[in-house]
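Number of protein chains: 2
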Amino acid sequence: MASVLRSSTKLRAAARVPAVRALSTTTRLRAAEKPFFPNEPSAPSVQTAIPGPKSKAAADDLNEVFDVRSLNMLADYSQSVGNYIADLDGNKLLDVYAQIASIPVGYNNPHLKEATQSPEMINALINRPALGNFPSADWANILRTGVLKAAPKGMNQVFTAMAGSDANETAYKAAFMYYRQLQRGGPEVEFTEEELQSTMNNEGPGSPQLSILSFKSAFHGRLFGSLSTTRSKAIHKIDIPAFDWPQASFPSLKYPLEDHVQENAAEEKRCLEEVERLIKEFHNPVAAVMVEPIQSEGGDNHASPAFFQGLREITKRTNVLFIVDEVQTGIGATGKFWAHDHWNLQTPPDMVTFSKKAQTAGYYFGNPALRPNKPYRQFNTWMGDPARALIYRGIIEEVERLGLVEHTRITGEYLYSGLERLAQKYPDHFQNLRGKGQGTFIAWDTPHRDQFLAKAKSVGVNIGGSGAAAVRLRPMLVFQKHHADILLESIEKIIKLL
Amino acid sequence: MASVLRSSTKLRAAARVPAVRALSTTTRLRAAEKPFFPNEPSAPSVQTAIPGPKSKAAADDLNEVFDVRSLNMLADYSQSVGNYIADLDGNKLLDVYAQIASIPVGYNNPHLKEATQSPEMINALINRPALGNFPSADWANILRTGVLKAAPKGMNQVFTAMAGSDANETAYKAAFMYYRQLQRGGPEVEFTEEELQSTMNNEGPGSPQLSILSFKSAFHGRLFGSLSTTRSKAIHKIDIPAFDWPQASFPSLKYPLEDHVQENAAEEKRCLEEVERLIKEFHNPVAAVMVEPIQSEGGDNHASPAFFQGLREITKRTNVLFIVDEVQTGIGATGKFWAHDHWNLQTPPDMVTFSKKAQTAGYYFGNPALRPNKPYRQFNTWMGDPARALIYRGIIEEVERLGLVEHTRITGEYLYSGLERLAQKYPDHFQNLRGKGQGTFIAWDTPHRDQFLAKAKSVGVNIGGSGAAAVRLRPMLVFQKHHADILLESIEKIIKLL
Chain A
1 MASVLRSSTK LRAAARVPAV RALSTTTRLR AAEKPFFPNE PSAPSVQTAI
51 PGPKSKAAAD DLNEVFDVRS LNMLADYSQS VGNYIADLDG NKLLDVYAQI
101 ASIPVGYNNP HLKEATQSPE MINALINRPA LGNFPSADWA NILRTGVLKA
151 APKGMNQVFT AMAGSDANET AYKAAFMYYR QLQRGGPEVE FTEEELQSTM
201 NNEGPGSPQL SILSFKSAFH GRLFGSLSTT RSKAIHKIDI PAFDWPQASF
251 PSLKYPLEDH VQENAAEEKR CLEEVERLIK EFHNPVAAVM VEPIQSEGGD
301 NHASPAFFQG LREITKRTNV LFIVDEVQTG IGATGKFWAH DHWNLQTPPD
351 MVTFSKKAQT AGYYFGNPAL RPNKPYRQFN TWMGDPARAL IYRGIIEEVE
401 RLGLVEHTRI TGEYLYSGLE RLAQKYPDHF QNLRGKGQGT FIAWDTPHRD
451 QFLAKAKSVG VNIGGSGAAA VRLRPMLVFQ KHHADILLES IEKIIKLL
Chain B
499 MASVLRSSTK LRAAARVPAV RALSTTTRLR AAEKPFFPNE PSAPSVQTAI
549 PGPKSKAAAD DLNEVFDVRS LNMLADYSQS VGNYIADLDG NKLLDVYAQI
599 ASIPVGYNNP HLKEATQSPE MINALINRPA LGNFPSADWA NILRTGVLKA
649 APKGMNQVFT AMAGSDANET AYKAAFMYYR QLQRGGPEVE FTEEELQSTM
699 NNEGPGSPQL SILSFKSAFH GRLFGSLSTT RSKAIHKIDI PAFDWPQASF
749 PSLKYPLEDH VQENAAEEKR CLEEVERLIK EFHNPVAAVM VEPIQSEGGD
799 NHASPAFFQG LREITKRTNV LFIVDEVQTG IGATGKFWAH DHWNLQTPPD
849 MVTFSKKAQT AGYYFGNPAL RPNKPYRQFN TWMGDPARAL IYRGIIEEVE
899 RLGLVEHTRI TGEYLYSGLE RLAQKYPDHF QNLRGKGQGT FIAWDTPHRD
949 QFLAKAKSVG VNIGGSGAAA VRLRPMLVFQ KHHADILLES IEKIIKLL
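These protein sequences, in sequence, are chains A and B. Numbered according to our numbering, the first sequence spans residues 1 to 498. Numbered according to our numbering, the second sequence spans residues 499 to 996.
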């Protein structure tokens, strides 16, 4: 099943979507693709300054009960459709940020709406089980027809979670248990009395000083364990106690890649050597290496397949687990269902974590030894949410039905070419354009990034940033060539406004 | 609004529930209360050994993709109703464990079912917002008519989360930020360059070695920060790195309380002195004290209102935050909406965390200074789930409509009296009966606890344990006197089987 998702090369979308309804006379639909959402606006519409008066009043009201200082815009989801997000003042923006890369198949997707009406969904919403103790009889089926259908190659198990942070942390816990099990000599070796007693005091040997190795600029979440592996920005970390865990350099590649082949290879070699040195020498032994296929919050930092192959080789050789954080890269955006499918690894990662576009979360694995050796070691009351697992199933069905992975690969190529043209025309505004061959997972640096993002709304697009200087594009999987045309035009307009 | 929930003294249920449908001739409905669920079975029915053949086959199947070693029973929720949980083999058990204390208003509650069909719910399910950036325009209203309507006295703010663990951890993060802000001299004092740099290396002063003080036997969750405050059982903690944080003794009271007044008061005084000593002397300064009103996973350990008043007084005096973990005790089960309502505190706790029966999670607070001083310090992609917030709203409505808090107080008294009678009759099987005046939040110790729980299913009840020796009762809020009668009869049957 999963192979269907990964190897689909046919674009089956056009034949199945409903006929296009009375299109406006806009010239923007140059690219001859039928819209996935026939009721989508044909172009953004900006009616007021953004935020407009209604949005401002609503934000003031919300502020009474909820911190709104990170508010980007208050949305009217009932009026949002496909790639367009609406606000209270009648503005409709082309959304290439998509809830921080977490909406895959469009606002008010009719297939997902259908999924909300099923008896299974109602059951999951009102009879929420403690999945570890009292799973519903259809839980195996929900997993097989959904979460596990999309499992990465070599993985047939899942531990379900609630969001990216706890998906990552439960994967870390599995890694620590596995590491200690190897040290002890196997799953049947009992804990010592000293271990059992010391762990109650948060002390070794029961609570060992082991570590997870992550990379500089990495983002893996904001709870205490995941935040200890996050190295994106000080504001994410300051004042919060952290574990003494190691960080390796992530490759800092030079662009365009084709002009810096040897330099970049040397940089990746340097980083790999640093990883190996830290694994061998760091004072708190490393149980696992955690890495994003593309560092996302940290600034859209890419590395080559060779780098990740190197990581897999080092971790195999040093008996350290290799965990891939696909929270932001997973579910099709890079033109493969999983971004690590680009790497052609000889053996799969040990664990792959997911969230965001899956609308639920967890970690996949294949090796049965990664199930802890006793029950109740990896456990919590809910262990995920079947309602959200059903939404993920609907998303997978939609991805398959519309061939959205391959679609995103093709649209990404189209969009990337357009950005290359803009970069030639406006070299001062485009540095380090990156993400070629990575679907729509594209970014570039620009000297006036924050103004760029702020102006975007005035021309009708909602765009996000990452790191200190990057504009990051995170369109949905239903983003089409005619949306790319609008986006490219809008970017040019923003540049002219700066 | 909140006062309605807290001070309701009328039992408005009977008048509003539909007429009782053709009751069976069972004698069990001795207590003259109309059932909240007219279609509930009048008694448990046990058709097969449990697990029966269908359940066994389904568990084997599930085991292929999901760890089932903590499986208690596979449920057929489509056949479950009210207080009764059904399995695949036609067995229907009176459920006084209720998904580890997380189902408040009964399986297949019609009002919740209605809530799943609203346009708001569909919107929340298919257009999931990043709440910190792009909340829906109706988010303030969803909060005010739901989550915040039930806010504890003195609290009008909420930070929403996904489950108990991250609710607690985000509260800890708020506490650390607040503590450092006080140290710095206020919200307007900027971070130093040294802080900003050191935190990127997980080092002080940016990542300070501060701590949360919790209690021996406490349970606050299983992620890395929350697990560092959990001291329930070694199996929950072993092999996982933990922070060097302090633990104080939780009072170990003697029962019956009325026979040990002075001894228990001395014990509580001893524990309070320990708390104060640790706050003053522990090497990693204490930013907050975290406590459960009744230690639940840790064995149903109670303390008096005087003890908690003492904690509030010490934390006020030492400028340490006081966080109350109401994940298991909240939403009515103790005969008050919040268990800490029993304490008559002069000033409210600084934060109160919730999850489980709320079906969503987060922490409440009142002091605006607990909002971090800058945006993006307390943040994540989803920051909760509006779909689950809508379910919480439905639960609150049902609690109000049926007067379930007061109902649970009364039913709890009835149940407790029955248990006292059993305890007199079977003194060898009942030690430390506790929870008097705490609604249905009742427990006792028994020397053959694990066999007791295992046999319970054969007589038609699903019961859980806590700690090493306790039987813990966690009925739903729709548990009625006739259910109590069945439960009491069943307990006697189990004792006779042992």
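C-beta atoms are modelled at their ideal positions from N, C-alpha and C, and glycine is treated no differently. None of the values given here were measured: they were computed from a predicted structure.
Quick check: is the beta carbon of residue i nearer than 7 Å to any beta carbon in chain B?
{"i": "ILE235 of chain A", "result": "yes"}
{"i": "GLY154 of chain A", "result": "no"}
{"i": "ARG421 of chain A", "result": "no"}
{"i": "THR26 of chain A", "result": "Reliability fails at THR26 of chain A, whose pLDDT of 40 lies under 50, so the model's placement of it is uncertain and no value is given."}
{"i": "LEU370 of chain A", "result": "no"}
{"i": "ALA49 of chain A", "result": "no"}
{"i": "ASP450 of chain A", "result": "no"}
{"i": "GLN107 of chain A", "result": "What sits at residue 107 of chain A in the sequence shown is Tyr, not Gln. Yes, because at least one Cβ of chain B sits closer than 7 Å to the Cβ of TYR107 of chain A."}
{"i": "MET383 of chain A", "result": "no"}
{"i": "ILE323 of chain A", "result": "no"}
{"i": "ILE212 of chain A", "result": "no"}
{"i": "ASN72 of chain A", "result": "yes"}
{"i": "PHE365 of chain A", "result": "no"}
{"i": "VAL65 of chain A", "result": "yes"}
{"i": "ARG30 of chain A", "result": "Note on ARG30 of chain A: pLDDT 49, under 50, position unreliable in the model; no value is reported."}
{"i": "VAL4 of chain A", "result": "Low local confidence applies: a pLDDT of 42 at VAL4 of chain A is under 50, so the model's placement there is unreliable, with the coordinate-based value given in what follows. Not an interface residue."}
Can a CB atom of chain D be found closer than 7 Å to the CB of residue i?
{"i": "ILE395 of chain A", "result": "The chain labelled as chain D is not found among the protein chains of the depicted structure, namely A and B."}
Give a yes or no on whether 7 Å exceeds the smallest Cβ distance from residue i to chain A.
{"i": "GLY723 of chain B", "result": "yes"}
{"i": "VAL515 of chain B", "result": "Residue placement at VAL515 of chain B is flagged as unreliable, the pLDDT there being 35, under the threshold of 50; the coordinate-derived value follows with that caveat. Closer than 7 Å: no."}
{"i": "LEU996 of chain B", "result": "no"}
{"i": "ASN631 of chain B", "result": "yes"}
{"i": "TYR874 of chain B", "result": "yes"}
{"i": "PHE877 of chain B", "result": "yes"}
{"i": "LYS647 of chain B", "result": "no"}
Specify, as a first and last residue, the run of the alpha helix (DSSP H) that residue i falls within.
{"i": "THR614 of chain B", "result": "608–614"}
{"i": "THR668 of chain B", "result": "662–682"}
{"i": "TRP343 of chain A", "result": "Per DSSP, TRP343 of chain A belongs to no alpha helix (DSSP H) and is neither H nor E."}
{"i": "ASN1026 of chain B", "result": "The structure shown has nothing for residue 1026 of chain B, since chain B only spans 499 to 996."}
{"i": "SER546 of chain B", "result": "Reading off the sequence, residue 546 of chain B comes out as Thr, not Ser. Taken as a continuous stretch (DSSP letters only), THR546 of chain B belongs to no alpha helix (DSSP H), as it is neither H nor E."}
{"i": "LEU93 of chain A", "result": "Run containing LEU93 of chain A: none in the alpha helix (DSSP H); it sits in the beta strand (DSSP E), 92–95."}
{"i": "TRP637 of chain B", "result": "637–643"}
Which stretch, first to last residue, makes up the beta strand (DSSP E) that contains residue i?
{"i": "THR353 of chain A", "result": "351–354"}
{"i": "ARG472 of chain A", "result": "470–473"}
{"i": "GLN655 of chain B", "result": "655–659"}
{"i": "ILE442 of chain A", "result": "442–445"}
Below 7 Å on C-beta distance, what does residue i contact in chain B?
{"i": "MET177 of chain A", "result": "ASP737"}
{"i": "THR446 of chain A", "result": "Residues of chain B passing the Cβ test: none, with the nearest at roughly 21 Å."}
Can you give the beta carbon distance from residue i to residue j, rounded, assuming they're within the 8 Å contact cut?
{"i": "GLN949 of chain B", "j": "LEU996 of chain B", "result": "6 Å"}
{"i": "GLY330 of chain A", "j": "MET162 of chain A", "result": "Going by Cβ atoms, the distance from GLY330 of chain A to MET162 of chain A rounds to 16 Å, so no, they are not a contact pair."}
{"i": "ASN631 of chain B", "j": "LEU71 of chain A", "result": "7 Å"}
{"i": "LEU931 of chain B", "j": "LEU951 of chain B", "result": "That pair is no contact at about 17 Å."}
{"i": "ARG729 of chain B", "j": "MET200 of chain A", "result": "6 Å"}
{"i": "VAL320 of chain A", "j": "ALA287 of chain A", "result": "7 Å"}
What does residue i touch in chain A if you count any residue whose Cβ is under 8 Å from its own?
{"i": "PRO627 of chain B", "result": "ALA75, TYR77, GLN99"}
{"i": "LEU694 of chain B", "result": "ALA234, ILE238"}
Looking at the ligand HEM, does it come within less than 6 Å of residue i, judged from the CB to the closest heavy atom?
{"i": "GLU691 of chain B", "result": "Ligands in the displayed structure: none, and consequently the ligand HEM is not present."}
Which chain A residues are close to residue i, counting only those with a beta carbon under 7 Å from its beta carbon?
{"i": "THR614 of chain B", "result": "ILE122, LEU125, ILE126"}
{"i": "ARG642 of chain B", "result": "VAL65"}
Which chain B residues are close to residue i, counting only those with a beta carbon under 8 Å from its beta carbon?
{"i": "MET162 of chain A", "result": "MET660, ALA661, ASP664"}
{"i": "TRP338 of chain A", "result": "What TRP338 of chain A touches in chain B: nothing, since even the nearest Cβ is about 18 Å away."}
- At 4 residues or longer, and completely inside the stretch 392–440 of chain A: list those alpha helix (DSSP H) runs for me, N to C. 404–425
- Which ranges does the alpha helix (DSSP H) cover as unbroken runs of at least 4 residues, wholly within the stretch 724–751 of chain B, from first to last along the chain? 732–735
- Message: Report the start-end ranges of each beta strand (DSSP E) in the stretch 697–721 of chain B that is 3 residues or longer and not cut off at the edges.
- Response: 709–713
- Query: Quick one: complete beta strand (DSSP E) runs, 3+ long, within the stretch 253–311 of chain A?
  - Reply: 286–291
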